[in-house]
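All residue numbers in the sequence shown are consecutive under our numbering, ending with 61. Heads up: the structure comes next, in structure tokens.
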Amino acid sequence: MTYQNYSLKQLQQIDAAHHLHPFTDHKELREAGSRIITYANGPFIY
């Protein structure tokens, strides 16, 4: 398995190109970009 470091912008572009977000305002998603989870600790995500 390989590991790559992606920038936040790259992750948002990958997400937009390959993931359909149900129940989402797609106009807002295109303008603001998707939220990327960068850290989690137990039930808490950041």
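Glycine included, each C-beta is placed from N, C-alpha and C at the ideal position.
Quick one: what's got a C-beta closer than 8 Å to residue i's C-beta in the same chain, skipping five residues either side?
i: Ile51; result: Leu23, Leu26, Gln27, Asp30
Assign residue i to one of three DSSP states: helix, strand, or coil.
i: Ile51; result: coil
I need the boundaries of the alpha helix (DSSP H) containing residue i, first residue and last residue.
i: Asp30; result: 23 to 33
Whose C-beta lies closer than 6 Å to the C-beta of residue i among residues of the same chain, with five residues either side of it excluded?
i: Tyr61; result: Tyr54
i: Ser49; result: Gln27, Asp30
Can you grab the Cα-Cα spacing for the pair residue i / residue j, in whole Å?
i: Ala32; j: Leu44; result: 12 Å
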